[in-house]
Amino acid sequence: MGEIKLWNGQNHTGYFSGECGRINGSTGELFAPKRDPNEYVTVFSRDTCRIINLMPIGTDTFRGIEAIHYETQAETFDNGALNPDMKCYCQDPDNCHKTGASDISTCAEGVPMYISHVEFRDADPSYANSTTGHKPIDESDRFFIIMEPRLGIPLKMNVAIQVSLHVQPDKDITILQNINEFYAPLFVGKSSGEVDAKLAKKIKLLLNARPIAFYSGVASLVLSIILLLIGIYLSLTNRW
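FYI, numbering that gives the first Met the number 0 numbers position 36 of the sequence shown as 35, with every residue one higher than the one before it.
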């Protein structure tokens, strides 16, 4: 439950080789319940034709509900330089791009598009150094999920991904003949959401359903025992 297994009827995107193209993870609305707090969560992004992993970085509390805070890391858009398992995101093994920006040209009909953290955060410095006008990072620029692990319900989510165009010199195009190679940020895709107080109350009821039922059962049992003992006592003392 909460996991996507097929996309367009296939279990592999075909846009990346090996495990990098395998369909898995969630679309973000619901995740598998009873999560191990030490395991990462995976989101499948249809727009980029790939998965994005978020690592647990600690616990959090949202509207009185205990949760785990997951966030993307430096290796999220790696090419194998930081994590060998990410090598399959390198489209050209003989000329692999530097870590921190993921080539999605195969998903963008051949257009040299790259995705990364906002402002090339955690990426190789060469990306940010090739352009100007960068600004400090704030919370809205981060990609994170605050999730209740027992039910797999995201309580708060913020998605932020930067899309850039890889621009290279081209002797056949006058305006591009004498330029230096650079990555031009085109736009930042952002979306966010959180459960409101009313929904949080319902989630709390679900989380407490078993304990409530258990303790209600214990209370009922104790009351029955007390009534039984009173009945025995009254019988023995002829007070009926």
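Even for Gly, the Cβ is constructed at its ideal location relative to N, Cα and C.
Q: Could you pull the start and end residues of the beta strand (DSSP E) that N157 belongs to?
A: In the sequence shown, residue 157 corresponds to position 158, counting from 1. That run of the beta strand (DSSP E) goes 152–166.
Q) For A122 versus A100, is the C-beta spacing smaller than 8 Å? A) Locating residue 122 in the sequence shown gives position 123, counting from the first residue. Locating residue 100 in the sequence shown gives position 101, counting from the first residue. Result yes, Cβ atoms of A122 and A100 sit closer than 8 Å.
Q) If you draw a straight line from the C-alpha of E2 to the C-alpha of P32, how long is it? A) Residue 2 sits at position 3 when you count from the first residue of the sequence shown. Residue 32 sits at position 33 when you count from the first residue of the sequence shown. Cα to Cα, E2 sits roughly 10 Å from P32.
Q: Output the boundary residues of the beta strand (DSSP E) element that contains S191.
A: Walking along the sequence shown from the start, residue 191 turns up at place 192. Note, S191: beta strand (DSSP E), 181–193.
Q.
Restricting to runs no shorter than 4 residues, where is the alpha helix (DSSP H) found entirely within the stretch 121–149?
A. 124–128
Q: Evaluate T12 with the Cβ neighbour count: other Cβ atoms within 10 Å of its Cβ, from every protein chain shown; 16 or more gives buried, anything less gives exposed.
A: What you label residue 12 is simply residue 13 of the sequence shown in a count that begins at 1. It is buried - the Cβ of T12 has at least 16 other Cβ atoms within 10 Å.
Q. Where DSSP assigns a beta bridge to G57, which residues make up the other side?
A. As a working mapping, residue 57 is identified with position 58 in the sequence shown. In the DSSP output, where bridge partners are listed per residue, G57 has H68.
Q) Apart from the five residues on each side of it in sequence, which residues of its chain come closer than 6 Å, Cβ to Cβ, to Q176? A) Stepping through the sequence shown from its first residue, residue 176 is reached at position 177. Taken in chain order, the residues that qualify are K170.
Q | Beta-carbon contacts of A66 that lie in its chain and below 6 Å, excluding the five residues immediately before and after | A | Translated into positions along the sequence shown, residue 66 becomes position 67. So the qualifying residues of the chain are D59, I145, M146, E147, L154.
Q: Using alpha carbons as the reference points, say which of S16, T26, G17 lies closest to W6.
A: Walking along the sequence shown from the start, residue 6 turns up at place 7. The option with the nearest alpha carbon to W6 is T26.
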